[in-house]
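Under my numbering, residue 1470 is the last one in the sequence shown; the count climbs by one each step, no gaps.
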Amino acid sequence: MDIPYHLAIIMDGNGRWAEKRMLPRIAGHREGAKSVRRVVEECRRLGVGYLTLYAFSTENWGRPRGEVEALMRLLEQFLREETPQMVANGIRFNVIGDMQRLPEAVRQEITAARKKTADCHEMVLTLALSYGGRDEIARAARRLAVEIEEGRLDSQDIDENTFSGRLDTADLPDPDLLIRTSGEKRISNFLLWQLAYSELVFSEAHWPEFGGTELRAAFEEFSRRKRRFGLLRAKTEKGLSVGGR
Ligand code: FPP
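Right, dumping it as structure tokens:
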């Protein structure tokens, strides 16, 4: 079974999972947080290098205030409780998105988790928080414009690499595989630039039901795909041609 070097996940279906059980939506998010723990652990065990989870989108700010506040509390609690585990398992914590919009308490936990896990090198766990792909691209364009205004960059030097370097994901490789749960088949403003050549796998399981079995099934499907990156033959990550997998 091939293991993606960078796995990105759209964790969808918490609300539907809860509604099916006549529970409040937040109960679905709480159960979803347990799936996050399970999946992080399994990815680390299987040797995933980078795991990026879509935890809160720029659009999610428009949800009812009670749900937004509950999600923020869950995030804060997750970071406080999980940081020691991350350190013990060599997991470096990272975030992408517009941090300025997050409550101060969440920002503090993020800073602490980043600091405590800075020397971890087994896996990078990135949470996309207050994240939108279009917002990220717009912020990168603004950064380039400032550099030009200040005379530190020539507009002629803007290419795919200089642009990638101004995205929140500047230090991350592009995802090899994107999984979306709960049967929806959309990208929903996630990693718009970075998913250009990623394989997409859609799982019917709602996120609270997603665990090791579903993750391995997605990796099996990924292993059967032939990645050609727009070329004629399947290619490996290092650019060597292979017979196809
Ligand atoms: C999508 O389900 C999920 C979210 C908008 C939030 C994701 C949050 C978690 C998995 C829990 C907290 C995260 C961490 C990292 C501790 P939805 O509410 O859109 O579900 P629906 O489409 O069925 O309504």
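Here a beta-carbon is modelled for each residue, glycine too, at the ideal position from N, C-alpha and C.
* For Ser1448, the first and last residue of its enclosing beta strand (DSSP E) -> That residue, Ser1448, is in no beta strand (DSSP E); its alpha helix (DSSP H) goes 1437-1449.
* Mapping DSSP to helix, strand and coil, what is His1231? -> Note: His1231 maps to strand in three-state DSSP.
* Limits of the beta strand (DSSP E) - the one that Leu1276 falls within -> Taken as a continuous stretch (DSSP letters only), the beta strand (DSSP E) holding Leu1276 covers 1275-1282.
* Return helix, strand or coil for Gly1468, following the three-state DSSP convention. => Because Gly1468 sits at a pLDDT of 35, beneath the cut-off of 50, its placement in the model cannot be relied upon, and the point is left open.
* According to DSSP, residues forming a beta bridge with Met1348 -> DSSP lists Ile1316 as partners of Met1348.
* According to DSSP, what are the bridge partners of Glu1424? -> Partner(s): Leu1402.
* Per-residue DSSP class, three states only, for Leu1299 -> Correct three-state label for Leu1299: helix.
* Between Leu1248, Ile1251, Tyr1279, Arg1269, which lies nearest to Ile1404 when the distance is taken from Cα to Cα? -> Ranked by Cα distance from Ile1404, the first of Leu1248, Ile1251, Tyr1279, Arg1269 is Tyr1279.
* **Bridge partners - Ala1353, DSSP secondary structure assignment** => Checking the DSSP bridge columns, you'll see Ala1353 partnered with Tyr1279, Ile1321.
* Quick one: residues in its chain with C-beta nearer than 6 Å to the C-beta of Met1297, no 5 flanking neighbours on either side, listed in chain order? => Only Pro1328, Val1331 meet the Cβ criterion.
* 8 Å contact criterion, which Asp1237 and Ser1407 should meet: CB distance rounded -> Confirmed, Cβ separation roughly 4 Å.
* To do: Assign Leu1456 to buried or exposed, taking buried as 16 or more other Cβ atoms, counted over all protein chains shown, within 10 Å of its Cβ.
  => Of the other Cβ atoms in all chains shown, fewer than 16 fall within 10 Å of the Cβ of Leu1456; this residue is therefore exposed.
* Can you find at least 3 beta carbon pairs, one from the stretch 1419-1433 and one from the stretch 1236-1252, that sit closer than 8 Å? -> Verdict: yes, contact present.
* Asked: Per the contact definition of three or more C-beta pairs closer than 8 Å, is the stretch 1388-1395 in contact with the stretch 1361-1368?
  -> Yes: the two stretches touch, three or more of their Cβ pairs being nearer than 8 Å.
* Between the C-alpha atoms of Ile1234 and Ala1295, what's the straight-line distance to the nearest angstrom? -> Cα-Cα distance, rounded: 21 Å.
* **Top-ranked residue by Cα proximity to Ser1428, from Leu1402, Arg1317, Phe1415** => For Ser1428, the nearest C-alpha among the options comes from Leu1402.
* **Buried or exposed (CB count within 10 angstroms, at least 16 for buried), Ser1422** => Note on residue identity: the sequence assigns Tyr, not Ser, to residue 1422. Tyr1422 comes out exposed.
* Asked: Residue ranges of each alpha helix (DSSP H) run of no fewer than 4 residues wholly in the stretch 1230-1260, ordered along the chain?
  -> Runs found: 1239-1245.
* To do: Can you say whether Ser1260 is buried or exposed, counting buried as having 16 or more other CB atoms within 10 angstroms of its CB?
  => It counts as buried.
* Between Met1211 and Val1273, is the Cβ-Cβ spacing less than 8 Å? -> Nothing can be reported for residue 1211, as the shown portion of the chain is limited to 1226 through 1470.
* Return the CA-CA distance between Thr1308 and Glu1372, expressed in angstroms with no decimal places. => Taking the straight line from one Cα to the other gives about 35 Å.
* **Check: Leu1416 C-beta below 7 Å from any heavy atom of the ligand FPP** => No - the ligand FPP has no heavy atom lying nearer than 7 Å to the Cβ of Leu1416.
* Asked: Do you know how far the Cα of Ile1228 is from the Cα of Asn1414?
  -> Here the alpha carbons of Ile1228 and Asn1414 stand approximately 25 Å from one another.
* Distance cut 5 Å, beta-carbon to the ligand FPP heavy atom: residue list by chain order -> Those residues are Met1236, Asp1237, Gly1238, Asn1239, Gly1240, Arg1241, His1254, Gly1257, Ala1258, Val1261, Ala1280, Leu1299, Phe1303, given in chain order.
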